[in-house]
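K.L.:
So in my numbering, spot 28 of the sequence shown is number 28, and the numbers just go up one at a time. Before anything else, here's the structure in question.
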Amino acid sequence: KFITYFKNKISKEIDNIKDAFEQGRIPKENFDLTVGELKGLRTAKDLLQESAKYIENDDN
């Protein structure tokens, strides 16, 4: 449940950033910072998903 909670929270933040890009709400001066944040969030989500697989395997 812990991993699912954080994975969902990260997914929502990724969606919020994507929506902001689509709606033009990201100022040019924050563009690079926001892209970096998005990449970091995607990496964190991928790591959580991989960790969840290994935790499930350890439980079996």
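No residue lacks a Cβ here, since even glycine has one placed at the ideal position from N, Cα and C.
Could you name the residues of the same chain whose beta carbon sits closer than 8 Å to that of residue 48, not counting the 5 residues immediately before and after it, in chain order?
P.N.:
Along the sequence shown, read from residue 1 onward, the residue named residue 48 stands at position 48. So the qualifying residues of the chain are 3, 6, 7 and 10.
K.L.:
Within this structure, are the beta carbons of residue 13 and residue 41 separated by less than 8 Å?
P.N.:
Translated into the one-based positions of the sequence shown, residue 13 becomes position 13. Translated into the one-based positions of the sequence shown, residue 41 becomes position 41. Yes, Cβ-Cβ distance for residue 13 and residue 41 is below 8 Å.
K.L.:
Does DSSP put residue 49 in a helix, a strand or coil?
P.N.:
Locating residue 49 in the sequence shown gives position 49, counting from the first residue. In this structure, residue 49 counts as helix in the three-state DSSP scheme.
K.L.:
Given a cut-off of 8 Å on the beta-carbon distance, is the pair residue 34 and residue 17 in contact?
P.N.:
Position 34 of the sequence shown, counted from the start, is the residue given in the question as residue 34. Position 17 of the sequence shown, counted from the start, is the residue given in the question as residue 17. Yes, they are a contact pair.
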